[in-house]
Structure formats: structure tokens, C-alpha cells
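Notes for the one structure printed next.
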Amino acid sequence: MEDRTFICTPTQEEAGVTNNWMDPAEAYKKLDAIADGAMKGRTMYVIPFSMGKIGSSFAKYGIELTDSLYVVLNMKIMTRVSSKVYEQLKGGDDFVKGIHSKVNLDAENRYICQFPQDNTIYSLNSGYGGNVLLGKKCFALRIASYQGWKEGWMAEHMLILGVERPDGDVKYVCAAFPSACGKTNLAMMIPPEGYRAKGYKIWTVGDDIAWIRKRNGAFYAVNPENGFFGVAPGTSAKSNPNALAMTKRNTIFTNVALDTKHNTVWWEGMGVPAPERAEDWKGNKWKEGMTDADGKPIKAAHPNSRFTVPAKNCPCLSKEFENGRGVPISAFIFGGRRAKLTPLVYEARDWEHGVFMGSVMSSETTAAATGKVGVVRHDPMAMLPFCGYNMCDYFEHWLSMGARMKNPPKIFNVNWFRTDESGNYIWPGFGDNLRVLDWILRRCDGTVDAYETPIGYLPYPKDIDLSGTNVTEEQLSSILDVDKIAWYYEAVDIGEFYKKFGDKLPEKLAKQLRILKKNLKE
Ligand code: GDP
Ligand code: MN
Numbered sequence: 089m090e091d092r093t094f095i096c097t098p099t100q101e102e103a104g105v106t107n108n109w110m111d112p113a114e115a116y117k118k119l120d121a122i123a124d125g126a127m128k129g130r131t132m133y134v135i136p137f138s139m140g141k142i143g144s145s146f147a148k149y150g151i152e153l154t155d156s157l158y159v160v161l162n163m164k165i166m167t168r169v170s171s172k173v174y175e176q177l178k179g180g181d182d183f184v185k186g187i188h189s190k191v192n193l194d195a196e197n198r199y200i201c202q203f204p205q206d207n208t209i210y211s212l213n214s215g216y217g218g219n220v221l222l223g224k225k226c227f228a229l230r231i232a233s234y235q236g237w238k239e240g241w242m243a244e245h246m247l248i249l250g251v252e253r254p255d256g257d258v259k260y261v262c263a264a265f266p267s268a269c270g271k272t273n274l275a276m277m278i279p280p281e282g283y284r285a286k287g288y289k290i291w292t293v294g295d296d297i298a299w300i301r302k303r304n305g306a307f308y309a310v311n312p313e314n315g316f317f318g319v320a321p322g323t324s325a326k327s328n329p330n331a332l333a334m335t336k337r338n339t340i341f342t343n344v345a346l347d348t349k350h351n352t353v354w355w356e357g358m359g360v361p362a363p364e365r366a367e368d369w370k371g372n373k374w375k376e377g378m379t380d381a382d383g384k385p386i387k388a389a390h391p392n393s394r395f396t397v398p399a400k401n402c403p404c405l406s407k408e409f410e411n412g413r414g415v416p417i418s419a420f421i422f423g424g425r426r427a428k429l430t431p432l433v434y435e436a437r438d439w440e441h442g443v444f445m446g447s448v449m450s451s452e453t454t455a456a457a458t459g460k461v462g463v464v465r466h467d468p469m470a471m472l473p474f475c476g477y478n479m480c481d482y483f484e485h486w487l488s489m490g491a492r493m494k495n496p497p498k499i500f501n502v503n504w505f506r507t508d509e510s511g512n513y514i515w516p517g518f519g520d521n522l523r524v525l526d527w528i529l530r531r532c533d534g535t536v537d538a539y540e541t542p543i544g545y546l547p548y549p550k551d552i553d554l555s556g557t558n559v560t561e562e563q564l565s566s567i568l569d570v571d572k573i574a575w576y577y578e579a580v581d582i583g584e585f586y587k588k589f590g591d592k593l594p595e596k597l598a599k600q601l602r603i604l605k606k607n608l609k610e
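Heads up: the sequence shown begins at 89 in our numbering, then just goes up one per residue.
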């Protein structure tokens with residue numbers, strides 16, 4: 089509900105051009121009027137919760153009031169709900185105040201309002217996870233990104249994963265992809281067989297949000313959540329066996345289909361035949377092949393249906409998950425869905441160029457976002473719907489976090505979603521993405537070469553290991569190309585996007601765009 093989500097700061101300038109803004113006084117008046125009496129006759133639940141390990145230096149606390157049992161049960165999985173939170177508060181008011189009421193699920197009066205200066209969130213008339221599990225996007229991204237800016241750390245829409253290599257060394261990366269672009273899948277992927285045989289392992293620290301602090305010249309990240317709220321459709325024994333395994337117990341399913349014969353769940357892309365007798369996500373009787381008035385197939389599960397599972401269910405959960413000091417980050421990775429143009433992987437020349445790459449990220453929209461599916465939209469650092477303050481201040485914050493660092497993490501961009509003329513994905517993706525991660529880590533070690541192109545460093549195709557895949561060298565080369573003319577159009581489009589920000593756009597980013605254009609002209 090991006091159009092119903094507001095950042096309520098004293099001035100509109102503080103929210104910036106990418107956010108909906110409401111004046112706090114006006115917002116409180118409006119929200120209190122809607123909320124007045126809304127919980128009458130209902131049970132009000134009080135949820136004390138921690139984002140991050142209770143008592144750790146990363147931890148931030150919240151209290152959510154809600155009239156939804158669904159929220160209570162999901163919050164107990166997704167966050168650390170404990171009365172110990174009250175002890176940590178020591179009677180003070182340094183906690184996020186979250187108020188949620190379903191009211192009557194009236195879309196016209198639906199508001200998700202963040203008040204960064206007041207540590208306050210109001211969420212009214214919604215029942216959707218991202219809007220009502222206030223610890224997640226509202227707190228851990230919108231409010232926390234503001235806190236991070238003020239306090240010198242970062243709250244990012246990033247997965248965190250550890251790659252264990254044959255020598256036993258584990259290196260950690262953070263990756264930002266827009267919603268439904270593969271964070272959960274990448275975070276818990278299973279290495280291809282050849283890699284497993286060599287001793288590669290993947291360890292999941294987080295699949296959605298990273299809180300990142302600098303210590304002794306390095307970045308350390310924690311996952312502030314305590315569970316996974318993943319997209320169900322497409323999750324199969326083939327695409328994400330770890331995710332499927334972890335949903336076998338203690339799991340809440342939202343908007344999936346019910347197999348009424350076997351009393352179990354089902355969704356499209358589960359990799360097993362559709363149930364004989366089923367109810368779709370709306371509770372209607374459903375059979376495979378049913379069509380709507382326009383002749384389109386009726387889906388059994390909503391495309392954005394979800395599972396909620398405790399982190400400890402994850403078979404590949406990192407032993408560092410509970411480490412309150414975080415894991416050291418070797419690389420930051422940006423990515424999105426681009427059927428054309430963006431190569432499988434490329435590397436920034438330096439930190440500043442990497443921040444530019446993140447700021448101009450764009451992706452084809454999915455069912456998890458507002459509006460039409462499949463149109464390219466700019467989504468800086470995958471934070472467009474989640475940045476709780478002015479995006480230009482956010483860019484400036486990113487630039488400053490890596491400035492004057494001796495060895496800042498390297499920054500990369502990946503794209504698993506290039507398609508051929510028939511619209512089929514060229515890159516196998518999923519576990520095979522380790523082939524790209526491995527190249528990224530070898531770049532961090534300095535043990536593999538790359539060549540410079542107008543957009544950054546690209547791998548030599550020979551350095552991406554294709555053994556055990558059906559990908560031909562020709563196909564690989566086709567997704568490791570830089571089409572200068574198409575990129576020039578992209579640069580023009582970036583210029584249009586940047587215009588939105590006016591004078592407030594950091595000069596360093598404007599300079600990076602000039603460099604890109606110059607490189608492409610040459
Ligand atoms: P998240 O919302 O960013 O965590 O995204 P998910 O990991 O839940 O994935 C969203 C969708 O992208 C699912 O339908 C996945 O099957 C699909 N997906 C994830 N990784 C890949 C990949 O490497 N290649 C392709 N083609 N699809 C992928
Ligand atoms: Mn996810």
C-alpha cells in the first residue's frame with residue numbers, strides 16, 4: 089500500500105520527493121479520529137518486542153498495540169517478543185510506539201504513518217503483513233533508517249549470507265533486491281552439486297533486513313528480525329528446498345490455497361500437482377484450470393502469499409545469527425529484475441561509483457509492489473518504499489559511510505533475470521547464483537581479474553564456472569555484455585530520474601552520471 093504510506097516529518101523537505109508526506113499534527117488528528125473507538129469490544133494486545141538480540145549494541149525496542157491476533161502470532165515469530173524488553177527500557181521512553189488497528193479494513197481510510205522524530209508508527213485499516221507487523225518495514229527500515237542517519241549506522245533492505253569455502257573460511261555479503269526479486273532465495277540457496285562436493289556451504293544470517301554498523305574500519309551487519317516472512321508461490325523443493333523444509337512446522341501461511349482433502353497448504357510453483365479438492369486464498373472452491381470472466385486462469389494462492397517461520401527452523405541458519413555484534417561484510421550487492429540491458433554481474437570502480445550504482449537501481453515491478461506488474465521503475469538501494477527520510481540525505485549518508493575508509497567493501501550489481509527472445513530466463517539462477525557469488529568473493533580476495541567497461545568492471549566469461557550447468561559460453565557472453573547504445577538510453581533515463589531530486593542530489597552522484605555518459609560516448 090505504498091500510496092497509503094506516509095512519512096510524517098515537520099517539513100515535507102525532510103520526507104523528500106520519493107515519500108508521501110503528511111504534517112504530523114494533521115496526521116495525528118486524522119488518525120486519532122479514525123482510531124477513536126475502533127477497538128471497542130475487541131481485545132487489545134500489548135506486544136513488547138526487540139529488533140536485534142535483546143541487550144546487544146544493535147538492539148532497538150518497540151511496543152506494538154494491536155487488535156489483531158494474526159499480528160500477535162506473527163510478531164512472536166518475526167521479532168523477539170519478551171517482557172525483558174521492559175527491563176531494557178528502564179522506565180524510559182526510548183522505544184518505538186506502534187499502534188495498529190484493523191478498524192474495519194476500509195481501504196479509503198487506510199493509513200500507514202511513520203513519525204521518525206517521535207519514534208511512532210500508526211497503522212490503521214490494514215491487515216497485510218508488511219503494514220501491520222510493525223517491527224518489519226515500518227520500524228526496522230523506515231524508522232530505523234532515520235535513526236541510522238542520525239546515529240551513524242545504516243538500516244538496509246538487504247539479505248545477509250555467509251559463503252563457506254573449501255578452506256573453511258566464511259565470508260559474508262549483504263544484498264539489496266526489491267521485494268520479490270530473490271532475497272529469500274539467495275539467502276538460503278543450496279550450492280550446486282559440484283560446489284557442494286568441494287565443500288562450499290551457504291549460511292543464512294538474514295533474508296530481508298540488515299542493520300549495519302562500522303567498527304574498526306569494517307562494516308558489521310545483523311539481521312534485526314527473528315523469523316522469515318517469505319513469498320510462498322514459486323517456493324519448491326527445486327527452487328528453495330531450505331525454505332520448503334523450514335515451513336514443515338510452526339509456520340503461519342497467509343493467502344495460500346488449502347488442500348481440503350489432505351488438510352494442507354498449496355501454492356503455484358510448489359512443484360507438486362495441484363490438489364484435487366481445494367479452497368483458493370479467498371476461501372472459494374478451486375480447481376486447476378478455472379478461469380475468470382476475462383478467461384485468465386484463477387490462481388489458487390495470491391501471488392504475494394506468504395509463510396511466517398521462526399529463524400531457528402532454517403536448516404542453514406548461520407551460527408552467527410545470535411551474535412549481537414554482527415558479521416563482517418566483504419561486499420555489498422545490488423540487483424533487480426531486468427529482462428534486458430543489465431549484465432549478470434558487474435563491479436563498481438570504487439565506493440562512490442558503487443553508491444551511484446545503488447542509487448540508479450531499477451527493476452521490473454512485481455506483485456509485492458503497488459501498481460502494474462512488469463514495468464521498470466527506479467528503486468534506489470531497493471529502499472524506495474522504505475526510506476524514512478529524504479532520499480538525497482540517504483544517498484549522502486551512504487557516501488559518507490564509505491568515505492575515507494582504507495578498504496571499504498566492494499560493491500557489485502547482479503541481474504539473474506535476463507531473458508531471451510522467447511522470454512525465457514537465460515541464467516539458471518537459484519543455487520547456480522553461487523557461481524556469481526564465488527566470482528564476487530574472488531574479486532574481494534584479489535585472486536581474479538576483471539576488465540573495465542563504461543559501466544564498471546565485468547568478469548571474463550571464462551572466470552564464471554559453468555561446469556554442471558546447461559548454460560553455453562555463448563549464452564553467458566550474451567548476459568555479460570555492455571550494449572553501449574542501450575546503456576546510453578539508460579543514462580538519459582537516469583538523468584530524468586535524478587532531475588526529480590533537483591539541487592539536493594549529491595554532486596558526487598551527478599558527477600558519476602557525467603562519467604558514465606562520457607565513458608559511453610568514448
Ligand atoms: P524476496 O521477496 O526478495 O525475498 O524474493 P524471493 O526470494 O521470495 O523470490 C521472489 C521470486 O523470485 C520467486 O518467485 C522466486 O522463484 C524468484 N527467484 C528468486 N531467485 C531467482 C533466480 O535466481 N532466478 C529466477 N529466474 N527467479 C528467481
Ligand atoms: Mn523475502
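In this text, a Cβ means the ideal position worked out from N, Cα and C, and glycines have one as well.
Buried or exposed by the 16-neighbour rule on C-beta atoms within 10 Å, applied to residue i
i	result
residue 195	exposed
residue 352	exposed
residue 167	buried
residue 303	exposed
residue 271	buried
residue 220	buried
residue 462	exposed
residue 285	exposed
residue 540	exposed
residue 580	exposed
residue 512	exposed
residue 534	exposed
residue 234	buried
residue 313	buried
residue 124	exposed
residue 371	exposed
beta-carbon residue i near the ligand MN non-hydrogen atom, thresh 6 angstroms
i	result
residue 296	yes
residue 318	yes
residue 271	yes
Among the options, the one whose alpha carbon lies nearest that of residue i
i	options	result
residue 337	499, 468, 198, 396	396
residue 275	97, 268, 393, 247	247
residue 411	123, 115, 124, 145	145
residue 344	314, 310, 391, 331	391
residue 414	573, 307, 108, 257	307
residue 67	128, 172, 162	Nothing can be reported for residue 67: it is not among the residues displayed for the chain, which extend from 89 to 610.
residue 385	374, 394, 393	374
residue 417	130, 407, 263	263
residue 404	157, 162, 249	249
residue 225	238, 311, 524	311
residue 230	97, 445, 599	97
residue 132	149, 156, 111	156
Heavy atom of the ligand GDP within 6 angstroms of residue i beta-carbon
i	result
residue 513	yes
residue 203	no
residue 108	no
residue 521	yes
residue 355	no
residue 510	no
residue 504	yes
residue 327	yes
residue 322	yes
residue 518	yes
The ligand SAM heavy atom lying under 6 angstroms from the CB of residue i
i	result
residue 267	Here the bound small molecules are the ligand GDP and the ligand MN; the ligand SAM is not part of this structure.
Own chain partners of residue i with C-beta closer than 7 angstroms, once the 5 adjacent residues on each side are dropped
i	result
residue 349	363, 364, 365
residue 282	555, 556
residue 563	514
residue 583	601
residue 92	198, 199, 200
residue 487	440, 443, 594, 596
Contact set for residue i: own chain, Cβ-Cβ below 8 angstroms, skip 5 residues either direction
i	result
residue 357	321, 322, 323, 324, 327
residue 151	134, 135, 136, 137, 173, 183, 184, 185, 186
residue 565	549
Close beta carbons around residue i, own chain, < 6 angstroms, minus the five adjacent residues each side
i	result
residue 425	269, 451, 452, 505
residue 316	295, 397
residue 218	225
residue 606	none
residue 259	251, 418, 529
Task: Contact the segment 244-261 vs the segment 521-540: 3+ CB pairs below 8 angstroms - done: yes
Open item on the list: Closer than 8 angstroms is the cut-off here; do at least three beta carbon pairs connect the segment 537-549 with the segment 426-443?
Closed with: Cβ pair count under 8 angstroms is three or more, so yes.
TODO: Decide if the segment 294-303 is in contact with the segment 372-380; the criterion is three or more beta carbon pairs, one per stretch, under 8 angstroms apart.
DONE: The segment 294-303 makes no contact with the segment 372-380, as fewer than three CB pairs between them are under 8 angstroms.
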